[in-house]
Amino acid sequence: MGLLPSTTAVLFLAMLALSSALDMSIISYDESHAQKSSWRTDDEVMAIYEAWLSKHGKAYNALGEKEKRFQIFKDNLRFIDEHNAENRSYRVGLNRFADLTNKEYRATYLGAKKAPRKISKRTDRYQPRLGDALPDSVDWRKEGAVVDVKDQGSCGSCWAFSTIAAVEGINKLVTGDLISLSEQELVDCDTSYNEGCNGGLMDYAFEFIINNGGIDSEEDYPYRAVDGRCDQYRKNAKVVTINDYEDVPENDEKALQKAVANQPVSVAIEAGGREFQFYDSGIFTGKCETALDHGVTAVGYGTENGQDYWIVKNSWGGSWGESGYIRMERNLADTATGKCGIAMEASYPIKTGQNPPNPGPSPPSPIKPPTVCDNYYSCPESNTCCCVYEYYGYCFSWGCCPLEAATCCDDHYSCCPHDYPVCNVNEGTCLMSKNNPLSVKAFRRTPAIPFWAHGSGAKSSST
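Taking our numbering, the leading residue of the sequence shown gets 154, the next gets one more, and so forth.
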């Protein structure tokens with residue numbers, strides 16, 4: 154099977170194969186018609202779906218994928234309509250996750266490790282005491298101690314964003330300078346205990362910054378949303394330093410309040426619920442437990458209409474939630490862990506002095522050529538080309554796995570690192586072997602970059 158049916162078929166199928174990457178933004182829909190989606194006709198739902206696809210620049214390569222995603226979208230829209238039809242303290246809405254099942258959302262965007270901490274750094278610095286006079290409300294954004302909301306993309310690096318936001322905050326409070334710092338340095342270089350896009354812990358990240366003697370800036374070491382090789386030049390560019398870190402007394406919202414009154418604090422929460430997935434606005438009182446799976450940053454607290462809340466900075470872009478933030482109910486009477494476990498594993502960096510002299514920009518990294526898939530498509534350096542659509546032994550559409558020598562999974566959507574080469578598509582994981590239970594999260598492919606050149610399609614070499 155090496156011959157093409159016709160040149161016309163080649164061109165037709167090749168044009169169908171062009172697709173665009175994810176565009177993570179919220180799309181609004183007419184909430185004045187917030188009837189339950191069971192009341193909506195399929196034509197109405199399809200019109201909303203098409204508008205959402207257009208808004209997000211979404212396109213699907215695999216045959217039947219658009220129809221499959223429509224059914225998921227329809228079910229999510231029904232959930233959103235039913236929630237918003239009730240009188241609740243918060244609303245949910247169609248956002249970047251509207252074509253994902255809850256299982257897919259959890260597998261792709263949550264990355265806090267569930268492993269126990271290596272050591273405890275708990276102190277009584279923020280232990281509540283009689284006579285404490287804490288402000289009624291705090292918002293570190295208004296004090297200029299919070300960098301604009303960032304976007305982790307399809308990478309489970311929330312732990313890095315939580316860590317960096319806390320360091321950015323304490324650096325502003327001590328030095329007066331608000332500097333956007335590098336999450337990518339943590340993803341690439343902090344690999345002793347953390348696992349890049351497969352998750353990590355904020356305490357380990359604080360330890361890395363301390364042991365490394367500092368962290369580089371976002372400008373010098375920008376975010377790429379993939380696991381990469383550690384750039385040693387940029388790793389040695391110590392723009393901001395910290396002296397130590399400590400843990401907030403656990404399961405104590407008053408201790409957490411005292412800590413947040415003094416600086417932004419890294420916190421872990423359970424964010425896997427559907428209500429959290431589609432959070433749009435208001436004070437979040439939705440269902441959640443304490444299986445901590447997401448790293449975020451508490452940057453303030455307050456009260457609205459008698460209801461106390463935390464101000465929490467997320468890392469899913471400025472179009473999720475309230476401009477990238479979520480307000481979560483505070484001072485729960487029936488649990489010591491706080492909402493979604495927010496008081497269980499909070500920690501903060503300590504900084505006592507100025508930063509070293511500005512090292513200036515690092516020298517440019519050696520330029521590596523892109524990974525060539527065929528005459529029409531390429532992937533970024535150090536990626537693996539994975540065929541998305543094959544016909545008569547030829548590949549007409551490619552995806553990029555952000556790993557070298559990766560295994561391309563049969564779902565045409567995910568891929569696995571070479572040291573965990575067995576795809577478990579149903580679970581969204583990669584196994585070390587069929588007989589070894591050790592696993593990591595599967596990686597998500599991104600569309601290949603098309604470039605048009607003379608020549609015929611290339612044989613499929615990796616599916």
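Even for Gly, the Cβ is constructed at its ideal location relative to N, Cα and C.
Contact belief for residue i with residue j at Cβ below 8 Å, rounded distance in angstroms
{"i": "valine 320", "j": "isoleucine 362", "result": "7 Å"}
{"i": "phenylalanine 437", "j": "arginine 480", "result": "6 Å"}
{"i": "proline 417", "j": "tryptophan 312", "result": "Rounded, the Cβ-Cβ distance is 15 Å, inconsistent with contact."}
{"i": "serine 550", "j": "asparagine 214", "result": "5 Å"}
{"i": "serine 310", "j": "serine 335", "result": "Going by Cβ atoms, the distance from serine 310 to serine 335 rounds to 12 Å, so no, they are not a contact pair."}
{"i": "lysine 466", "j": "alanine 318", "result": "6 Å"}
{"i": "isoleucine 464", "j": "glycine 455", "result": "7 Å"}
{"i": "aspartate 373", "j": "serine 586", "result": "In fact, because the Cβ distance is near 40 Å, the residues do not count as touching under 8 Å."}
{"i": "glycine 297", "j": "leucine 331", "result": "6 Å"}
{"i": "tyrosine 462", "j": "valine 245", "result": "Incorrect: roughly 17 Å between the Cβ atoms, too far for contact."}
Residue i vs residue j beta-carbon contact at 8 Å
{"i": "cysteine 115", "j": "cysteine 569", "result": "Outside the displayed span of the chain (154 to 616) sits residue 115, for which this structure offers no information."}
{"i": "threonine 537", "j": "glutamate 557", "result": "yes"}
{"i": "threonine 328", "j": "methionine 355", "result": "no"}
{"i": "valine 593", "j": "proline 512", "result": "no"}
{"i": "tyrosine 243", "j": "glycine 439", "result": "yes"}
{"i": "phenylalanine 376", "j": "glutamine 410", "result": "For the record, residue 376 in the displayed sequence is tyrosine; it is not phenylalanine. Result no, Cβ atoms of tyrosine 376 and glutamine 410 do not sit closer than 8 Å."}
{"i": "valine 340", "j": "glycine 349", "result": "yes"}
{"i": "lysine 625", "j": "cysteine 342", "result": "With the chain covering 154 to 616 only, the question about residue 625 has no answer from this structure."}
{"i": "aspartate 110", "j": "alanine 499", "result": "In the structure displayed, the chain extends from 154 to 616; residue 110 sits before or after that span and is not available."}
{"i": "proline 603", "j": "tyrosine 529", "result": "yes"}
{"i": "cysteine 539", "j": "arginine 598", "result": "yes"}
{"i": "alanine 378", "j": "serine 333", "result": "no"}
{"i": "tryptophan 469", "j": "glycine 477", "result": "yes"}
{"i": "threonine 524", "j": "asparagine 404", "result": "no"}
Residue-level contact to chain C via CB, residue i, 8 Å cutoff
{"i": "tyrosine 386", "result": "Protein chain content of the structure displayed is limited to a single chain, and chain C is not contained in it."}
Backbone CA spacing between residue i and residue j [nearest angstrom]
{"i": "threonine 457", "j": "tyrosine 357", "result": "Note that residue 457 is glutamate in the sequence shown, not threonine. Cα-Cα distance, rounded: 35 Å."}
{"i": "glycine 482", "j": "glutamate 442", "result": "First, the residue type needs correcting, since residue 482 is glutamate and not glycine in the sequence shown. Those two C-alpha atoms are separated by around 14 Å."}
{"i": "aspartate 380", "j": "aspartate 446", "result": "19 Å"}
{"i": "glycine 322", "j": "valine 299", "result": "6 Å"}
{"i": "leucine 287", "j": "aspartate 487", "result": "23 Å"}
{"i": "arginine 241", "j": "tyrosine 542", "result": "45 Å"}
{"i": "proline 402", "j": "alanine 408", "result": "6 Å"}
{"i": "aspartate 384", "j": "phenylalanine 232", "result": "44 Å"}
{"i": "cysteine 526", "j": "lysine 219", "result": "24 Å"}
{"i": "proline 600", "j": "asparagine 248", "result": "21 Å"}
{"i": "aspartate 563", "j": "asparagine 579", "result": "11 Å"}
{"i": "cysteine 618", "j": "valine 452", "result": "Only positions 154 to 616 of the chain appear in the structure, and residue 618 is not among them; the question remains open."}
{"i": "lysine 325", "j": "isoleucine 368", "result": "15 Å"}
{"i": "valine 291", "j": "valine 413", "result": "8 Å"}
{"i": "proline 281", "j": "glutamate 406", "result": "10 Å"}
{"i": "glycine 264", "j": "alanine 444", "result": "12 Å"}
{"i": "lysine 208", "j": "alanine 200", "result": "12 Å"}
{"i": "leucine 216", "j": "asparagine 347", "result": "37 Å"}
{"i": "leucine 206", "j": "alanine 212", "result": "7 Å"}
{"i": "threonine 622", "j": "lysine 295", "result": "As displayed, the chain neither begins before 154 nor continues past 616, which places residue 622 out of reach and without an answer."}
{"i": "glycine 210", "j": "threonine 276", "result": "48 Å"}
{"i": "arginine 192", "j": "tyrosine 202", "result": "Sequence inspection shows tryptophan at residue 192; the arginine mentioned does not correspond to that position. Rounded to the nearest angstrom, the two C-alpha atoms are 16 Å apart."}
{"i": "serine 434", "j": "phenylalanine 314", "result": "22 Å"}
{"i": "alanine 559", "j": "alanine 595", "result": "11 Å"}
{"i": "valine 198", "j": "leucine 283", "result": "57 Å"}
{"i": "threonine 194", "j": "histidine 565", "result": "31 Å"}
{"i": "alanine 390", "j": "aspartate 196", "result": "56 Å"}
{"i": "aspartate 289", "j": "leucine 230", "result": "38 Å"}
{"i": "asparagine 484", "j": "tyrosine 279", "result": "17 Å"}
{"i": "tyrosine 262", "j": "glycine 448", "result": "11 Å"}
{"i": "tyrosine 544", "j": "lysine 221", "result": "21 Å"}
{"i": "tyrosine 547", "j": "serine 535", "result": "23 Å"}
{"i": "leucine 584", "j": "tyrosine 386", "result": "34 Å"}
{"i": "lysine 274", "j": "glutamine 305", "result": "27 Å"}
{"i": "glutamate 360", "j": "alanine 204", "result": "45 Å"}
Within 8 Å, do at least three Cβ pairs link the region 502-516 to the region 420-437? Segment contact: the region 420-437 against the region 502-516, fewer than three CB-CB distances shorter than 8 Å; contact not assigned.
Three or more beta-carbon pairs under 8 Å between the region 227-238 and the region 428-439, yes or no? The region 227-238, when compared against the region 428-439, does touch it at the 8 Å Cβ threshold.
Stretch pair the region 380-399 + the region 495-506: three plus CB contacts closer than 8 Å: A contact exists between the region 380-399 and the region 495-506.
Which runs of the beta strand (DSSP E) spanning at least 3 residues fall entirely within the region 527-599, listed in chain order? Listed in chain order, they are 530-532, 537-544, 547-554, 567-569, 575-577, 582-586 and 589-594.
Please list the segments of the alpha helix (DSSP H) lying wholly inside the region 260-345, counting only runs of 4 or more residues, in order along the chain. Runs of the alpha helix (DSSP H) lying entirely within the region 260-345, each at least 4 residues long, are 311-328 and 336-342 in chain order.
Inter-stretch contact (C-beta, 8 Å, three-pair minimum) for the region 222-230 and the region 245-258: Inter-segment contact for the region 222-230 and the region 245-258 is present: three or more beta-carbon pairs are separated by less than 8 Å.
Would you mind listing the alpha helix (DSSP H) stretches within the region 411-482 that are 4+ residues and don't spill past its ends, in chain order? Annotation note: the region 411-482 contains the following uninterrupted alpha helix (DSSP H) runs of length 4 or greater, listed N- to C-terminal: 427-430.
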